[in-house]
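**Student:** Those protein sequence lines, which keep their order, are chains A and B.
In terms of the numbering used here, the first sequence has 41 at position 40, counting the first letter as 1, and numbering is strictly consecutive.
In terms of the numbering used here, the second sequence has 31 at position 10, counting the first letter as 1, and numbering is strictly consecutive.
Questions regarding the structure given below will be posed in turn.
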Amino acid sequence: MIKILSSMALLSLFAITTACSSVKPPNSLATQARERIIQAESIGADQEAPLELREASQYLSDAEASMQRNRHEEAQLLLEKSLITSELAIARTNSQKAQQAAAQIEKDLDLLRRESTPNTQSNSTFEN
Amino acid sequence: MRKFIMTSLLIPAFLFGCASTPRDNSQISSLQQQIDQLDTNPEGKQYAPVAVRQAQESLDKLKTLANKGSKSDEYQHQLFVTEKQIEIARETINQKQAEEVVATAELRRKDILLQAEQQQSEQARSLAASMAGRAQALEQQVSDLQAQETDRGLVLTLGAVLFETGKATLQEGGRRTVTKIAEFLNQYPERNILIEGFTDSTGSEDFNQRLSEQRAEAVKELLVLNGVEANRIEVQGHGEAYPVASNENAAGRQQNRRVEIVIGKENGARVSDRADEF
Chain A
2 MIKILSSMAL LSLFAITTAC SSVKPPNSLA TQARERIIQA ESIGADQEAP LELREASQYL
62 SDAEASMQRN RHEEAQLLLE KSLITSELAI ARTNSQKAQQ AAAQIEKDLD LLRRESTPNT
122 QSNSTFEN
Chain B
22 MRKFIMTSLL IPAFLFGCAS TPRDNSQISS LQQQIDQLDT NPEGKQYAPV AVRQAQESLD
82 KLKTLANKGS KSDEYQHQLF VTEKQIEIAR ETINQKQAEE VVATAELRRK DILLQAEQQQ
142 SEQARSLAAS MAGRAQALEQ QVSDLQAQET DRGLVLTLGA VLFETGKATL QEGGRRTVTK
202 IAEFLNQYPE RNILIEGFTD STGSEDFNQR LSEQRAEAVK ELLVLNGVEA NRIEVQGHGE
262 AYPVASNENA AGRQQNRRVE IVIGKENGAR VSDRADEF
């Protein structure tokens, strides 16, 4: 009876530990995540989206730690987080750069508009 | 008994393994609102259709997970991804709109220059119109000064009343008149001018000759003071010669005491002498 009970307990314990773990380590996803961070850095995300870049790097290193402990499903999710955060860092960097260029252009056009408009005071009145 | 123990052991296993998520509908509707608001900019979604669609698909997946009552981890993960996707869509729209500003900059620059050009030519036109108006007004004023068109040119006569009696000094009224004439002459900077002085026959010939020259000279000085170039102006005194009326009566003598300003007909040509007329 006790034998049966303990084997049942072991079985349920096994069920707990294997319930949420996948088999293969997500190596190609890890490579993608690393490459995406490098891509973000290369376009200047460290300047324009430093928070997102740091967040993405943190998720990547967390994922690498999880993989070393064979917690591959956890690593998979962390890598997905790292990837999407890198995407955001890239989008924000591109957006910031485009907006800065647009703002500079608006400034230039405004200056041009003011310089090219003749002042209306030059029409002097004639006195007799 | 055995059955009971088995089930009692298995129930906590399920509970720990995959805890079901609390359905948070307010969270989902808030995210849906954020996606809808990407369109508050006119045609906002058209700038980033792919990113917006990905965000919507991400949210749809989250909704499915919430309805299935999926395990918390999966739901939280999808929530994270959805929030990031929405942010990416927002930044992509911002980026595309800014890039449109950059792309159309050259067109707008040309538009500004074109408008400025039009405005300038309009101003030039209105300035020309006002100059023409001024010239007309001056000509009208000058015609009030007994202007007379002759073969030698336009002749303006300054009557004796403009001078102090027996002197070459212009009175206040005379100064005003000469100032107006200066303005008129400045409108025609290419025309040469001859100033001729005349007197009546009262007094010695020498005195009258000198007085006529001095009066003509006084008019010249005032014209020069008012900006007329001195080298355009020639001065002649004729004394009591060339009377325009009889010296027998006071009214005639007053007419004879005068200064005439002749404005040449052609640009740069010297005003011909009075003697040439005869």
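Here a beta-carbon is modelled for each residue, glycine too, at the ideal position from N, C-alpha and C.
Report the CB separation of residue 99/A from residue 75/B in whole angstroms; it is logged as a contact under 8 Å.
**Tutor:** The residue given as residue 99/A occupies position 98 in the first sequence. The residue given as residue 75/B occupies position 54 in the second sequence. In fact, because the Cβ distance is near 20 Å, the residues do not count as touching under 8 Å.
**Student:** Measuring only the C-alpha atoms, how far is residue 72/B from residue 121/B?
**Tutor:** The sequence position of residue 72/B within the second sequence is 51, counting from 1. The sequence position of residue 121/B within the second sequence is 100, counting from 1. Roughly 18 Å between the two C-alpha positions.
**Student:** Taking all protein chains shown into account, decide if residue 260/B is buried (16 or more other Cβ within 10 angstroms of its Cβ) or exposed.
**Tutor:** As a position in the second sequence, residue 260/B is number 239, starting the count at 1. Under this definition residue 260/B is a buried residue.
**Student:** Are residue 114/B and residue 59/B close, meaning C-beta to C-beta below 8 Å?
**Tutor:** As a working note, residue 114/B is residue 93 in the second sequence. As a working note, residue 59/B is residue 38 in the second sequence. In contact: residue 114/B and residue 59/B (Cβ atoms closer than 8 Å).
**Student:** Is DSSP giving residue 25/A helix, strand or coil here?
**Tutor:** Against the first sequence, residue 25/A aligns to sequence position 24. Three-state DSSP puts residue 25/A in coil, outside helix and strand.
**Student:** Taking Cβ to Cβ, would you say residue 64/A is nearer than 8 Å to residue 38/A?
**Tutor:** Along the first sequence, read from residue 1 onward, the residue named residue 64/A stands at position 63. Along the first sequence, read from residue 1 onward, the residue named residue 38/A stands at position 37. No, Cβ-Cβ distance for residue 64/A and residue 38/A is not below 8 Å.
**Student:** Under 8 Å, CB to CB, which of the residues in the segment 75–89 of chain A have a partner in chain B?
**Tutor:** For the segment 75–89 of chain A, which is checked against every Cβ of chain B, the residues closer than 8 Å are 78, 81, 82, 85, 86, 88 and 89.
**Student:** Using a Cβ-Cβ cut-off of less than 7 Å, list which residues of the segment 113–140 of chain B approach chain A; keep chain order.
**Tutor:** Here the close residues are 113, 115, 116, 119, 120, 122, 123, 126, 129, 130, 133, 134, 137 and 140.
**Student:** Could you name the residues of the same chain whose beta carbon sits closer than 6 Å to that of residue 206/B, not counting the 5 residues immediately before and after it, in chain order?
**Tutor:** For the purposes of this step, residue 206/B is taken as the residue at position 185 of the second sequence. Taken in chain order, the residues that qualify are 249.
**Student:** Taking 8 Å as the cut-off, decide whether the C-beta atoms of residue 280/B and residue 217/B are in contact.
**Tutor:** Within the second sequence, the letter at position 259 stands for residue 280/B. Within the second sequence, the letter at position 196 stands for residue 217/B. Yes, the Cβ-Cβ distance between residue 280/B and residue 217/B is below 8 Å.
**Student:** Tell whether a beta-carbon distance below 8 Å holds between residue 257/B and residue 239/B.
**Tutor:** Here residue 257/B corresponds to residue number 236 of the second sequence, with the count starting at 1. Here residue 239/B corresponds to residue number 218 of the second sequence, with the count starting at 1. Taking 8 Å as the Cβ cut-off, residue 257/B and residue 239/B do not qualify as a contacting pair.
**Student:** Grouping DSSP H, G and I as helix and E and B as strand, with all else coil, what is residue 208/B?
**Tutor:** The count along the second sequence starts at 1 and reaches residue 208/B at position 187. Residue state, collapsed to three classes: helix.
**Student:** What did DSSP end up calling residue 53/A once you bin it into helix, strand or coil?
**Tutor:** In the first sequence, the residue the question calls residue 53/A occupies position 52. Note: residue 53/A maps to helix in three-state DSSP.
**Student:** Under a three-way DSSP split, which group does residue 95/A fall into?
**Tutor:** The sequence position of residue 95/A within the first sequence is 94, counting from 1. Correct three-state label for residue 95/A: helix.
**Student:** State the CB to CB distance for the pair residue 34/A and residue 89/A, rounded to an integer number of angstroms; the pair is presumed to be in contact (CB under 8 Å).
**Tutor:** Your numbering for residue 34/A matches position 33 in the first sequence. Your numbering for residue 89/A matches position 88 in the first sequence. Going by Cβ atoms, the distance from residue 34/A to residue 89/A rounds to 13 Å, so no, they are not a contact pair.
**Student:** Quick check on the burial criterion: 16 or more other C-beta atoms within 10 angstroms. Buried or exposed for residue 96/A?
**Tutor:** Locating residue 96/A in the first sequence gives position 95, counting from the first residue. The residue in question, residue 96/A, is buried, as its Cβ has 16 or more Cβ neighbours within 10 Å.
**Student:** Given a threshold of 16 other Cβ atoms within 10 Å of its Cβ, counted over all protein chains shown, does residue 199/B qualify as buried or as exposed?
**Tutor:** In the second sequence, residue 199/B corresponds to position 178, counting from 1. Burial call: buried.
**Student:** Can you tell which of 154/B, 231/B and 265/B has the C-alpha that lies nearest to the C-alpha of residue 189/B?
**Tutor:** As a working note, residue 189/B is residue 168 in the second sequence. The option with the nearest alpha carbon to residue 189/B is 231/B.
**Student:** Taking the beta strand (DSSP E) that residue 273/B falls in, what are its first and last residues?
**Tutor:** Residue 273/B sits at position 252 when you count from the first residue of the second sequence. Taken as a continuous stretch (DSSP letters only), residue 273/B belongs to no beta strand (DSSP E), being part of the alpha helix (DSSP H) at 271–277.
**Student:** Closer than 8 Å, CB to CB, is residue 106/A near chain B or not?
**Tutor:** Residue numbering aside, residue 106/A sits at position 105 when the first sequence is read from its first letter. So, interface residue.
**Student:** What distance in whole Å lies between the Cβ atoms of residue 82/B and residue 86/A, which are believed to be in contact at a cut-off of 8 Å?
**Tutor:** Here residue 86/A is taken as the residue at index 85 of the first sequence, counted from 1. Here residue 82/B is taken as the residue at index 61 of the second sequence, counted from 1. Contact flag wrong, Cβ pair sits at about 18 Å.
**Student:** In chain B, which residues lie with their C-beta within 7 Å of the C-beta of residue 95/A?
**Tutor:** Here residue 95/A refers to the residue found at position 94 when the first sequence is read from its first residue. What residue 95/A touches in chain B: 116.
**Student:** If you drop the 5 nearest sequence neighbours on each side, which residues of the same chain put their C-beta closer than 8 Å to that of residue 46/B?
**Tutor:** The residue labelled residue 46/B in the question sits at position 25 within the second sequence. Once the five neighbours on either side are set aside, the close Cβ partners of residue 46/B are 87.
**Student:** As a quick exercise: from 68/A, 48/A, 114/A and 30/A, pick the residue whose alpha carbon is nearest that of residue 94/A.
**Tutor:** Position 93 of the first sequence, counted from the start, is the residue given in the question as residue 94/A. Nearest option by C-alpha distance: 48/A.
**Student:** Assign residue 127/B to one of two classes, buried (16 or more other C-beta atoms within 10 Å of its C-beta) or exposed (fewer than that).
**Tutor:** Sequence index remark: in the second sequence, residue 127/B carries index 106 (1-based). When all chains shown are included, residue 127/B counts as exposed.
**Student:** Please classify residue 270/B as buried or exposed, where buried requires at least 16 neighbouring CB atoms within 10 angstroms.
**Tutor:** As a working mapping, residue 270/B is identified with position 249 in the second sequence. Exposed is the call here.
**Student:** Kindly indicate if chain B contains any beta-carbon less than 8 Å away from that of residue 22/A.
**Tutor:** As a first step, residue 22/A must be located in the first sequence, where it is residue number 21. Low per-residue confidence applies at residue 22/A: pLDDT is 47, beneath 50, and the placement is therefore not dependable, though the value from the model is reported in the following sentence. Cβ-Cβ to chain B under 8 Å: no for residue 22/A.
**Student:** Mark residue 153/B as exposed unless 16 or more other C-beta atoms lie within 10 angstroms of its C-beta, in which case mark it buried.
**Tutor:** Stepping through the second sequence from its first residue, residue 153/B is reached at position 132. It counts as exposed.
**Student:** Check residue 177/B in the structure and name its three-state DSSP category.
**Tutor:** The residue you call residue 177/B lines up with position 156 of the second sequence. DSSP places residue 177/B in strand when its eight states are reduced to three.
**Student:** Which residue from 51/A, 28/A and 27/A puts its Cα closest to that of residue 91/A?
**Tutor:** Sequence index remark: in the first sequence, residue 91/A carries index 90 (1-based). Nearest option by C-alpha distance: 51/A.
**Student:** Determine, using beta carbons only, whether residue 55/A comes closer than 8 Å to chain B.
**Tutor:** Position 54 of the first sequence, counted from the start, is the residue given in the question as residue 55/A. Taking Cβ atoms only, chain B never reaches closer than 8 Å to residue 55/A, which makes this a no.
**Student:** What's the C-alpha gap between residue 54/A and residue 48/B?
**Tutor:** Here residue 54/A corresponds to residue number 53 of the first sequence, with the count starting at 1. Here residue 48/B corresponds to residue number 27 of the second sequence, with the count starting at 1. Whole-angstrom Cα-Cα distance: 26 Å.
**Student:** Can you tell me which residues form a DSSP beta bridge with residue 215/B?
**Tutor:** Working through the second sequence from its first residue, we reach residue 215/B at position 194. 255/B and 283/B.
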